Amino acid sequence: MADSTTQSINIAAEPEAIMSVIADFPAYPEWANAVKSAEVVADGPDGRASQVSFTLDAGMFKDAYTLAYDWAEDGLSVSWDLVKGQIQKAQQGSYALAPAGTATTVTYTLSVELNIPMIGMLRRKAEKIIIDTALKELKRRVEG
């Protein structure tokens with residue numbers, strides 16, 4: 087997997103409240119503008135989603151893909167890997183939550199590889215835009 091891009095944001099909420107928004111996949115189209123649909127296709131033994139299918143439309147970047155999720159037992163992180171995609175050949179990502187006084191620091195790490203060639207600098211810029219947008223939308227959803 088190629089290098090990843092990481093960014094953090096502080097959200098004025100407890101980690102449990104943030105993780106519940108992250109885990110509520112069917113609600114993603116309500117607050118994540120690029121996500122047109124999100125459907126849980128398999129649940130894990132703990133009742134949380136283990137696989138989710140997404141339809142994404144972020145302007146030039148459109149894809150239908152499925153991610154497999156791994157939830158940390160402490161409730162402070164979740165990671166995922168691409169199961170299948172139309173234009174993606176790999177995706178790895180994670181959210182890590184760290185209590186920070188009355189807020190929580192949310193760190194999002196993402197690495198995406200497409201089936202089409204892309205210069206590394208452009209790929210990292212695209213990842214940064216995706217992460218920045220996702221964190222701002224998450225913050226707005228949790229704090230709103």
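Our numbering applies: residue 87 is where the sequence shown begins, and numbers increase by one. For glycine and all other residues, C-beta sits at the position ideal for the given N, C-alpha and C. A quick note: this is a predicted structure, and the numbers were derived from the prediction, not measured.
Residues in its own chain within less than 7 Å of residue i by CB, not counting five upstream and five downstream?
i: Leu221; result: Gln93, Ile95, Val192 and Tyr194
i: Tyr114; result: Val121 and Ala124
i: Lys225; result: Ile95 and Ile97
i: Asp218; result: Gln93
i: Thr141; result: Lys122, Ser123 and Ala150
Taking just the CA atoms, how far does residue j sit from residue i?
i: Leu162; j: Ala184; result: 7 Å
i: Ser139; j: Ala128; result: 10 Å
i: Glu213; j: Ala158; result: 24 Å
i: Arg227; j: Tyr181; result: 16 Å
i: Phe147; j: Glu102; result: 31 Å
i: Glu116; j: Gly230; result: 13 Å
i: Gly145; j: Ile216; result: 12 Å
i: Asp160; j: Leu208; result: 35 Å
i: Gly130; j: Pro203; result: 34 Å
Closer than 8 Å by C-beta to residue i: which residues in its own chain qualify, once you throw out the five before and the five after it? Chain order, please.
i: Met87; result: At Met87 the pLDDT is 43, less than 50, meaning the model places this residue with poor confidence and gives no usable figure here.
i: Gly133; result: none
i: Val164; result: Met105, Ile108, Ala109, Tyr155, Asp156, Trp157, Ala158, Ser180 and Tyr181
Would you say residue i and residue j are within 8 Å of each other, going by their C-beta atoms?
i: Asp143; j: Lys170; result: no
i: Ala118; j: Glu223; result: yes
What whole-angstrom Cβ distance do residue i and residue j have, given they're in contact under 8 Å?
i: Tyr151; j: Gln174; result: 6 Å
i: Thr190; j: Ile108; result: Wrong, their Cβ atoms sit about 11 Å apart, outside the cutoff.
Between which residues of its own chain and residue i is the CB-CB distance below 6 Å, once the five residues before and five after are set aside?
i: Asn201; result: Ile173 and Lys175
i: Val126; result: Phe111, Ala135 and Val138
i: Gly187; result: none
i: Asp167; result: Ala154 and Gln178
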